[in-house]
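First residue of the sequence shown? That's 290 in this note's numbering, and the numbers climb one at a time after it. Just so it is clear, CB atoms sit at the ideal spot from N, CA and C, and this is done for glycine as well. Note that this is a predicted model, so its numbers are computed, not measured.
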Amino acid sequence: MSLPDTRDVVQRISHAHYVANSLLCAALPVLLLLSLDLRSSPAVTTALVAAPVLLALSVGLRKSSDNIESLHESVTFQLRLFNLFGLFFLRNEVGITKGWVLAYFGVWMACSFLFPQPPYLGQHKLNVLTPETFDTHILLLSPADSVQIDEPKIVELSDEMPDEPAPPASSPPDPTQFHLVLFYADYDKKSRDLELTLARLSNEMTTPALDFCVLDSAKAPTTFYDLGISTSPMAFDIPQLRLYKGGKVVQQYPLSEGEARRKMRRERSAKLEEDLGVKGGTIESEDGSDDGADSDAESEDEREVQRIRDMSRFRWVRSATAIVRTFRLDERAGLPRSS
Numbered sequence: 290m291s292l293p294d295t296r297d298v299v300q301r302i303s304h305a306h307y308v309a310n311s312l313l314c315a316a317l318p319v320l321l322l323l324s325l326d327l328r329s330s331p332a333v334t335t336a337l338v339a340a341p342v343l344l345a346l347s348v349g350l351r352k353s354s355d356n357i358e359s360l361h362e363s364v365t366f367q368l369r370l371f372n373l374f375g376l377f378f379l380r381n382e383v384g385i386t387k388g389w390v391l392a393y394f395g396v397w398m399a400c401s402f403l404f405p406q407p408p409y410l411g412q413h414k415l416n417v418l419t420p421e422t423f424d425t426h427i428l429l430l431s432p433a434d435s436v437q438i439d440e441p442k443i444v445e446l447s448d449e450m451p452d453e454p455a456p457p458a459s460s461p462p463d464p465t466q467f468h469l470v471l472f473y474a475d476y477d478k479k480s481r482d483l484e485l486t487l488a489r490l491s492n493e494m495t496t497p498a499l500d501f502c503v504l505d506s507a508k509a510p511t512t513f514y515d516l517g518i519s520t521s522p523m524a525f526d527i528p529q530l531r532l533y534k535g536g537k538v539v540q541q542y543p544l545s546e547g548e549a550r551r552k553m554r555r556e557r558s559a560k561l562e563e564d565l566g567v568k569g570g571t572i573e574s575e576d577g578s579d580d581g582a583d584s585d586a587e588s589e590d591e592r593e594v595q596r597i598r599d600m601s602r603f604r605w606v607r608s609a610t611a612i613v614r615t616f617r618l619d620e621r622a623g624l625p626r627s628s
């Protein structure tokens, strides 16, 4: 199993969020080290053995797609739980009361609220979109469609106007460029992990033919509504990746309804070829009264499409390698195909 990407690791992990979580993991070990006379206690011996075993399991059983930030979150979360339960069950041995255990839990919760997990802190080329830049650079809409009309102002013109060159206009967006856009919500852990992965990918694969963008649901709720992406945690529409070119969606994951229908037809065609040995064939009713059959088939199709979409959502592998393969980013970016 390969290690996570460790480039700029000090810069990425030196944030107060990661430092506070690391310090919280040291509470029980420090108390045990200060109580050296308790080494003969069976409970303390169990705790001293369990800590390194838990740490080894956290690292060994991690997902290969984890970023170093995600690995840190997973390991420190389990060690914080270990500290919390260890302080509770060993409070008599180390000479503390339940109040100190509650204080530890309170500090944990306070750190979680005061120091939330930050975005990717290493070098990256991930573009943070606003509703306006999404419309103009991704959907290629005219700026006049979303321009705001200000109140008229009276401006006095002097008799002699200086001959100053006009400010250069921003270069128009390239309609042949691919844009991989992440639609995410800050409250969603999967969204944060995917943002970390895309930030790393952007530093490696951004070219004139491909760029990486992110759009926050909190900053563009109207855009999400217009695109049919629900921001409700129960809808499971977030996170979502869409590949745009020329203002149109080329591909998205989890699968859209159209992509799910195409996948369903491919699967049925392959099954038909396998069962009947007919290539590109169709199954027709033997009698003419097929109105009810058509209705049942349509309902079955809708259920199958929904099943395919649900499976693509819940079985979505969000590793960098899987994203590159799913969206063929090597080919889109004009880079040599990775082995």
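Fewer than three Cβ pairs drawn from the segment 388-402 and the segment 465-477 lie within less than 8 Å of each other, which leaves the two stretches out of contact. When the Cα atoms are used, T465 and L410 turn out to be separated by approximately 30 Å. K479 sits in a helix when the DSSP states are folded into three classes.
Under the DSSP assignment, D515 falls in the alpha helix (DSSP H) whose first and last residues are 510-515.
Partner residues in a beta bridge of V364, as assigned by DSSP, do not exist.
If you look at Q300, you'll find it in the alpha helix (DSSP H) that goes 298-302. The criterion of a C-beta distance shorter than 8 Å is satisfied by M553 and E593. Residue environment analysis places Y307 among the buried positions, since at least 16 neighbouring C-beta atoms fall within 10 angstroms of its C-beta. By the Cβ neighbour-count rule, E563 is exposed, with fewer than 16 other Cβ atoms within 10 Å of its own. Looking at the DSSP output, C502 shares a beta bridge with N416, V470.
Taking a 10 Å sphere around the C-beta of R369, we find 16 or more other C-beta atoms and assign the residue as buried. Ranked by Cα distance from I302, the first of P407, I527, Q540, I385 is P407. T615 and V298 have their C-alpha atoms roughly 27 Å apart. The residue from S506, F467, G623 with its alpha-carbon nearest to that of L532 is F467. Distance between C314 and D482, taken at the CA atoms: about 22 Å.
Counted as a single uninterrupted DSSP element, the alpha helix (DSSP H) harbouring R621 occupies residues 618-622.
Per DSSP, R614 is one residue of the alpha helix (DSSP H) stretching across 609-615. Taking the C-beta atoms as reference points, L429 is found no nearer than 8 Å to P405. The criterion of a C-beta distance shorter than 8 Å is satisfied by L418 and C502.
DSSP places T520 in the coil class of the three-state scheme, outside both helix and strand. A direct Cα-Cα distance of roughly 10 Å separates Q529 from K479.
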